[in-house]
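Protein chains: 4
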Amino acid sequence: MSTRKKIGILGASGYTGSDAVRLLARHPNAEIAALTANTHAGKTMADVFPHFFMLDLPRLVEWEKVDWSKLDAVFCGLPHGTTQEIIASVLKANPEIRILDMSADFRLRDKATYAQWYGHEHRAPELQGEAVYGLTEFYREQIKSARLVACPGCYPTAALLALVPLVRAKLVDAGDIVIDAKSGVTGAGRGLKQNTLFSEAGEGLSPYSIGTHRHAPEIEQEIGAAFGAAVTVNFTPHLIPMARGELCTSYVRLNGATSDDLRGTLQQAYRGEPFVHVVEKGVVPQTQNVRGSNYVEIGVFADRIRNRAIVISVIDNLVKGSAGQAIQNMNLMFALPETAGLEQIALFP
Amino acid sequence: MSTRKKIGILGASGYTGSDAVRLLARHPNAEIAALTANTHAGKTMADVFPHFFMLDLPRLVEWEKVDWSKLDAVFCGLPHGTTQEIIASVLKANPEIRILDMSADFRLRDKATYAQWYGHEHRAPELQGEAVYGLTEFYREQIKSARLVACPGCYPTAALLALVPLVRAKLVDAGDIVIDAKSGVTGAGRGLKQNTLFSEAGEGLSPYSIGTHRHAPEIEQEIGAAFGAAVTVNFTPHLIPMARGELCTSYVRLNGATSDDLRGTLQQAYRGEPFVHVVEKGVVPQTQNVRGSNYVEIGVFADRIRNRAIVISVIDNLVKGSAGQAIQNMNLMFALPETAGLEQIALFP
Amino acid sequence: MSTRKKIGILGASGYTGSDAVRLLARHPNAEIAALTANTHAGKTMADVFPHFFMLDLPRLVEWEKVDWSKLDAVFCGLPHGTTQEIIASVLKANPEIRILDMSADFRLRDKATYAQWYGHEHRAPELQGEAVYGLTEFYREQIKSARLVACPGCYPTAALLALVPLVRAKLVDAGDIVIDAKSGVTGAGRGLKQNTLFSEAGEGLSPYSIGTHRHAPEIEQEIGAAFGAAVTVNFTPHLIPMARGELCTSYVRLNGATSDDLRGTLQQAYRGEPFVHVVEKGVVPQTQNVRGSNYVEIGVFADRIRNRAIVISVIDNLVKGSAGQAIQNMNLMFALPETAGLEQIALFP
Amino acid sequence: MSTRKKIGILGASGYTGSDAVRLLARHPNAEIAALTANTHAGKTMADVFPHFFMLDLPRLVEWEKVDWSKLDAVFCGLPHGTTQEIIASVLKANPEIRILDMSADFRLRDKATYAQWYGHEHRAPELQGEAVYGLTEFYREQIKSARLVACPGCYPTAALLALVPLVRAKLVDAGDIVIDAKSGVTGAGRGLKQNTLFSEAGEGLSPYSIGTHRHAPEIEQEIGAAFGAAVTVNFTPHLIPMARGELCTSYVRLNGATSDDLRGTLQQAYRGEPFVHVVEKGVVPQTQNVRGSNYVEIGVFADRIRNRAIVISVIDNLVKGSAGQAIQNMNLMFALPETAGLEQIALFP
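Chains as they are written, first to last, in the numbering used here: chain H, -9 to 339; chain Y, -9 to 339; chain X, -9 to 339; chain S, -9 to 339.
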């Protein structure tokens, strides 16, 4: 169809890139027109991801070879830290292009916080200022007119969807939030690491990056924005022996509210949202319910400790936590139906 | 849309029923109009499969409560043996309705073979005679005009797609075929069995039903039809610690042909087929490439033993092995595009 | 050897019973002399657990058939609630016998708490008063002379080993403890449940029994005893797609102490303990390190929130969390080396 | 104890090396006196395998630093191809030392076959001639007096234990054997490879090295020796989503014998063997029954094709398939009880 948007994907040989391909290849308004993967340039996409054998896709090229003037939008699945100069270069080549960055490079708005967590000054500070944080449900209006959307990390997506409406409504103490987070192994990417080998990660459970994970400042940025002042949160991730899925168990102190109040506030906040589902009292969210899909489940539970509550949220880390949310944002930017190409139901079992 | 076909699903609380729901709910020409599950009557589908929370589906009812005159087609995911009288009753109520039976009840054409393997005379012998075997790629024309399609078992689908063209072309010895078959645990259904508990099936590997699996006579029926005489095959299934996926490693004796001849014959047989992909020499099929999808991969390899070859075929047992192939057949029966509602790409990872 | 203690195992067809068999069959001072499983009476142990094919074990019998006067000790792996009258009967038949109860029936000392959580009055209240809580590291002296040891639940074992020394030392606020707990699927036992099927529990993650799990009062009993007053804790369990292993991430508020103080206190508390290992700063406990073994790993981490810390503890739920700890207690009761039969190293990978 | 044999382990940072450590650390007659791992020299064993935290082990050193004169035996877990010159050098330094080589370097007796499959001339041809093939059950007497034992590959161990007695007894056609083999992921080692990442190997099933796996000539060497002439076998390995375990489904053509004859012959062949268990008719071997143990299960089944049978054998690839069998051989070489240190029961679940 002539009205399909022409899409390029930077870093198509990683898991976020490939999930963008999986979804965009069946998107009614998109056409994948360029795929880059510098270490695999010259190969077909099916060479690096054989499950794409049935697709007629452009061959992988080096990013320097792409003619950006022919594209309407670019999804960027490059590793953190490598993205800034490339995106700056893409926008210079085609200032009208829309960028959906799935890396971490433009998520932090504060230059000092970026430098502290990433170990160097930001290399495209003007773009850092221009970038819109791509948590669709909270930044929908800004995303529609944005040129560069910094799609949130997977953990921040799960945590913030559960917590931001509660902090905004002042129902919980923003200074006393504990986020126990659990992720499937794809969250660590396709790079070769000993701890993500099947024989190491299978049949076991490991916390990691305790107190040092780079998604913490991102969560704090958005909780702080909702609260109106800087906050510090506890954020403790764990590696779970499953490929996809992410679950945050958030422990909050209440400002006099009940867990039912929290549930009601969340249900109100997400009324009409196509992808966010606040479950009824007594129903327990689980990652199985959203595997492979862009949906989110959130549930609220009373704590046995007085004046505390537990909020549980689940997403698929590669979909709503990355490629799916990027497409949701692209749909907004191009005034397409927000759910276009994103209505797959979870693959269960 | 008024042109959507109205679909009922019998046995919607099992895995084949639920995968039919997953696919039909997003099918552009279908509307799920009735769902039955006698032990769960009165519940919502989301009560028994919470990943369907986002769908607006009819409530589960007993099959006796359905008004069959309002439906265009029925998918039947009932346990083997229970289906014959129910389907007879449905067809009596609405002789125009189309039946996609995903159980084993109408797959065997020979009455004596049925009685031998299932332990009782067939209870709807006229329908047994009428039923068309629903292996789409081989019975496409008969399916188009059929009223009752007996969709093949998952193992037969994987094995027959690999072998039938080779037997037809007389390239292999039909009397000396060994099919070493491997299936994910969903093949055993959602019923409660000790050997399919996570703690029992995980991190382990078990052969089962060696020499006694009911898919053997079904494979023999179709290999025999292709060969022109009765044959006996070796069929040895193994339970693999994964939820979905099925792989058949078929060992064949060659009638003078080479493995390249076999590959060429399969490529010719499936040229133009939307779902069957014969991989190039040296590419190895794997279940990961078809997980959650209706696609099939087939590869041929030389054996180290002279005059023998190895044919490997993979499917998703719940999709091409059950609900997906049933939908493919429904599309044919209603003159819809054969791929309608079935173009999901494998969920990998 | 004539000095081997004669052991009976009640409920040998469950996972805690079978893990007791696995360990006791190779214990240098034990002889398995009786095995009961009322629903499997008459079968061999290898009929119900084929991995015991190499052992020469007594046949499974109904518990009523055992001659208790011939036994030195009994391990009880019966379901909760069924144990009280049976143990009373055993002790009546042989008042000298030692009981290692792996069920929950004698863990709670308070009669009202028992009745509240288990829905009925205790049926052997004198024995309830007599029973010693079998968390070896804290009740070693009482266990040596006990007749009836109520071995702790798996979650309480993991949580209390991490927390009790800190509460005793008044380093943490006993009223503000959050225990985010994660367990492998064997924790749910060998009974047939839909949510523990491979196809349901695999590749997914589910919280369960939020605010209602019966291990909560058990944890509170012991934290309260360490603190000197009743406390309420948050305890939130999650089902992890692995067979064995348990990890508690405990979030604590500090009374002025640092995370290093906590680590030092734990290292001091467990100096000389054969099975409890407090890891060095920066080392992260993981369940892989203790799989199949009686060992425990505990680590302490600074929280990003000021004046808070994170304590992580891991065990194998069937060994230190059940059968292994029971054997450790038996060793004490018979004045054997505490580590006898328990020195297996984790099976990794 | 002064009578413990002093053991060195070459390549202790791999899975076969670490499983040798796991078993030898609890062996009543062994003391681990040296550990090498050139890329990790200077680290503790717990640095590279944290589950060894409770052991007091020598620090990892470069192999060139070991004083071989102080050792009684050396286990070699180095990668294939690197071992020949190192072992030659060790034996030069201490001609009395006993070598248990777990690599493939000395398994093939024929120099031309070695060169063909490994791509270079053997670098220690005299030692190649001296080496005894370490399949304990068949070479027990030669092993007792050997200086260098070439422990078999994991697949050959599983396949040959099932097939050699049948070929020797001339019950099966040695020229028509199909071995469909399935292995857990540890078989691929601890090296970093994309296809053994959790996200790639999990929830999927892949054949590999079809017709080209280096265990094929090893199997053919021993089948040929039993048969009395060179043979070619079909050997087709598959990667299974589990860490440990190996299962061979061997399809054989009978020389007039029945499957019961085969079972009887195997039962006779292994009567009195401590680790090999031929199951009764109708019992199905599964890898769960031997996980973490040195035991072997073998079962025989009638084929539906006349005059054919199916033989199923299971082992733990790292134990009987590698480190365990090496220890079994060491026990023989030092006239220790053959089962010393090897009586662990499978860890199930």
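Glycine residues also receive a C-beta, built at the ideal position from the N, C-alpha and C atoms.
Because the structure is a prediction, the values reported are computed rather than measured.
**OP:** Quick one: which residues of the stretch 263 to 283 of chain X get their C-beta closer than 9 Å to a C-beta of chain Y? List them in chain order.
**Re:** Cβ contacts with chain Y come from no residue of the stretch 263 to 283 of chain X.
Original post:
In terms of residues, what are the limits of the beta strand (DSSP E) holding Thr72/Y?
Top reply: Within the second sequence, the letter at position 82 stands for residue 72/Y. Counted as a single uninterrupted DSSP element, the stretch harbouring Thr72/Y is not any beta strand (DSSP E), since DSSP gives it neither H nor E.
Subject >> Residue span of the alpha helix (DSSP H) that contains Arg12/X, given as start and end >> reply: By 1-based counting over the third sequence, the position of residue 12/X is 22. That run of the alpha helix (DSSP H) goes Tyr5 to Leu14.
Original post:
Could you give the C-beta distance for Ala24/H and Lys(-5)/H, rounded to a whole number, given that I count them as a contact under 8 Å?
Top reply: Residue 24/H sits at position 34 when you count from the first residue of the first sequence. Residue -5/H sits at position 5 when you count from the first residue of the first sequence. No, Ala24/H and Lys(-5)/H are not in contact; Cβ-Cβ is about 12 Å, not under 8 Å.
Original post:
Could you give the residue range of the beta strand (DSSP E) that holds Thr239/S?
Top reply: Counting from 1 along the fourth sequence, the entry for residue 239/S is found at position 249. Here the beta strand (DSSP E) through Thr239/S covers Glu236 to Leu244.
Original post:
Taking only beta-carbon atoms, is Thr29/H less than 7 Å away from chain S?
Top reply: In the first sequence, the residue the question calls residue 29/H occupies position 39. No - not a single Cβ of chain S is within 7 Å of the one on Thr29/H.
Subject >> Complete runs of the beta strand (DSSP E) confined to the stretch 11 to 57 of chain Y [at least 3 residues] >> reply: 20 to 26
**OP:** Give every residue of the same chain whose Cβ lies closer than 8 Å to the Cβ of Lys366/H, excluding the five residues on either side of it in the sequence, and list them in chain order.
**Re:** Absent from the structure is residue 366/H, since the part of chain H shown begins at -9 and ends at 339.
Original post:
Helix, strand or coil: how does DSSP classify Arg253/Y here?
Top reply: Position 263 of the second sequence, counted from the first residue, corresponds to residue 253/Y. Of the three classes helix, strand and coil, the one that applies to Arg253/Y here is helix, per DSSP.
Subject >> Straight-line gap, Leu0/X to Ser79/X (C-alpha atoms, nearest Å) >> reply: Residue mapping note: residue 0/X aligns to position 10 of the third sequence, counting from 1. Residue mapping note: residue 79/X aligns to position 89 of the third sequence, counting from 1. Looking at the two C-alpha atoms, the distance is approximately 13 Å.
**OP:** Please list, in chain order, all residues of the same chain as Met328/Y whose beta carbon is under 7 Å from its beta carbon, the five residues on each side excluded.
**Re:** The residue you call residue 328/Y lines up with position 338 of the second sequence. It is Glu, not Met, that sits at residue 328/Y in the sequence shown. For Glu328/Y, where only same-chain residues beyond five positions count, the Cβ hits under 7 Å are Pro264, Gln318, Asn321 and Leu322.
Original post:
Counting along the chain, where does the beta strand (DSSP E) carrying Cys66/S start and finish?
Top reply: Mapped onto the fourth sequence, residue 66/S falls at position 76. Start and end: Ala63 to Cys66.
Subject >> Closest residue to Asp9/H among Phe338/H, Ala102/H, Phe324/H and Gly314/H (Cα-Cα distance) >> reply: Within the first sequence, numbered from 1, the residue matching residue 9/H stands at position 19. Among Phe338/H, Ala102/H, Phe324/H and Gly314/H, the Cα nearest to that of Asp9/H is on Gly314/H.
**OP:** Can you grab the Cα-Cα spacing for the pair Cys144/Y / Leu156/Y, in whole Å?
**Re:** Sequence index remark: in the second sequence, residue 144/Y carries index 154 (1-based). Sequence index remark: in the second sequence, residue 156/Y carries index 166 (1-based). If you take the alpha carbons of Cys144/Y and Leu156/Y, they lie about 20 Å apart.
**OP:** Indicate the three-state DSSP secondary structure (helix, strand or coil) for Pro339/H in the structure shown.
**Re:** To locate residue 339/H, count along the first sequence from 1; it is residue 349. The answer is coil: DSSP assigns Pro339/H none of H, G, I, E or B.
Original post:
So, does the CB of Gly194/X fall closer than 7 Å to a CB anywhere in chain H?
Top reply: For this step, residue 194/X is matched to residue 204 along the third sequence. Answer yes: the Cβ-Cβ gap between Gly194/X and chain H drops below 7 Å somewhere.
**OP:** Look up Arg158/S in the DSSP assignment and say whether it is helix, strand or coil.
**Re:** On the fourth sequence, residue 158/S is found 168 positions in, with the first residue counted as 1. Correct three-state label for Arg158/S: helix.
Original post:
According to a CB-to-CB cut-off of less than 8 Å, which residues of the stretch 35 to 49 of chain Y neighbour chain H?
Top reply: Phe39, Pro40, His41, Phe42, Phe43, Met44 and Leu45
Original post:
So the beta strand (DSSP E) Glu287/S belongs to, where does it begin and stop?
Top reply: Within the fourth sequence, residue 287/S is the residue found at index 297, counting from 1. Start and end: Val286 to Ala292.
**OP:** Less than 8 Å between the CB atoms is what I'm expecting for Gly282/S and Leu337/X, so what's the real figure, rounded?
**Re:** Here residue 282/S refers to the residue found at position 292 of the fourth sequence. Here residue 337/X refers to the residue found at position 347 of the third sequence. Yes, Gly282/S and Leu337/X are in contact; Cβ-Cβ is about 4 Å, under 8 Å.
Original post:
From Gly7/S to Asn307/X, what distance separates their C-alpha atoms?
Top reply: The residue labelled residue 7/S in the question sits at position 17 within the fourth sequence. The residue labelled residue 307/X in the question sits at position 317 within the third sequence. Approximately 27 Å, taken between the alpha carbons.
Original post:
Is DSSP giving Tyr108/X helix, strand or coil here?
Top reply: In the third sequence, residue 108/X corresponds to position 118, counting from 1. In the structure shown, Tyr108/X sits in a helix (DSSP, three-state: H, G or I).
**OP:** Measuring only between beta-carbons, confirm whether Tyr241/X sits less than 7 Å from chain H.
**Re:** Counting from 1 along the third sequence, the entry for residue 241/X is found at position 251. So yes, Tyr241/X belongs to the interface.
Original post:
When the Cα of Pro275/H is compared with those of Gln258/H, Ile302/H and Glu127/H, which residue comes out closest?
Top reply: As a first step, residue 275/H is located in the first sequence; it is residue number 285 there, counting from the start. Nearest C-alpha to Pro275/H: Ile302/H.
Original post:
Where does Ile213/Y sit, in a helix, a strand or coil, going by DSSP?
Top reply: Position 223 of the second sequence, counted from the start, is the residue given in the question as residue 213/Y. Here Ile213/Y sits in helix by DSSP.
Original post:
Going along the chain, which unbroken runs of the beta strand (DSSP E) with 3 or more residues stay wholly within the stretch 165 to 208 of chain Y?
Top reply: 168 to 173
**OP:** Name, in chain order, the residues that DSSP records as bridge partners for Arg88/Y.
**Re:** As a working note, residue 88/Y is residue 98 in the second sequence. Ala63/Y.
**OP:** Determine the direct distance from the alpha carbon of Gln334/Y to that of Ala36/Y, and round the result to whole angstroms.
**Re:** One-based indexing of the second sequence puts residue 36/Y at position 46. One-based indexing of the second sequence puts residue 334/Y at position 344. Taking the straight line joining both Cα atoms gives about 22 Å.
**OP:** Alpha carbon to alpha carbon, how far is Gly124/X from Arg130/X? Give it in angstroms, no decimals.
**Re:** Here residue 130/X refers to the residue found at position 140 of the third sequence. Here residue 124/X refers to the residue found at position 134 of the third sequence. Whole-angstrom Cα-Cα distance: 8 Å.
Subject >> Contact list for Arg294/S against chain Y, beta-carbon separation under 8 Å >> reply: Along the fourth sequence, one-based indexing puts residue 294/S at 304. Correct list: Gly201, Ala206, Thr222, Val223, Asn224 and Phe225.
Original post:
Which residues in the same chain as Met(-9)/X place their Cβ atom closer than 6 Å to its Cβ, once the five residues preceding and following it in sequence are excluded?
Top reply: Position 1 of the third sequence, counted from the first residue, corresponds to residue -9/X. The pLDDT assigned to Met(-9)/X is 44, lower than 50, so where the model puts this residue is not dependable; a value taken from the coordinates is nonetheless given after this. Once the five neighbours on either side are set aside, Met(-9)/X has no close Cβ partner at all.
Original post:
Going along chain X, which residues have a C-beta under 8 Å from Tyr5/S?
Top reply: On the fourth sequence, position 15 is the one that residue 5/S refers to. Correct list: Pro339.
Subject >> Delimiting residues of the alpha helix (DSSP H) encompassing Lys271/S >> reply: On the fourth sequence, position 281 is the one that residue 271/S refers to. No alpha helix (DSSP H) contains Lys271/S, which DSSP labels as neither H nor E.
Subject >> Check whether Val223/H and Glu236/H have beta carbons under 7 Å apart >> reply: By 1-based counting over the first sequence, the position of residue 223/H is 233. By 1-based counting over the first sequence, the position of residue 236/H is 246. No, they are not a contact pair.
Original post:
How would you call Ser173/Y, buried or exposed, if buried means at least 16 neighbouring beta carbons within 10 angstroms?
Top reply: Taking the second sequence and counting its residues from 1, one reaches residue 173/Y at position 183. Label assigned to Ser173/Y: buried.
Original post:
Name the residues in the stretch 307 to 337 of chain X whose C-beta lies less than 9 Å from a C-beta of chain S; which are they?
Top reply: Leu308, Glu333, Gln334, Ile335, Ala336 and Leu337
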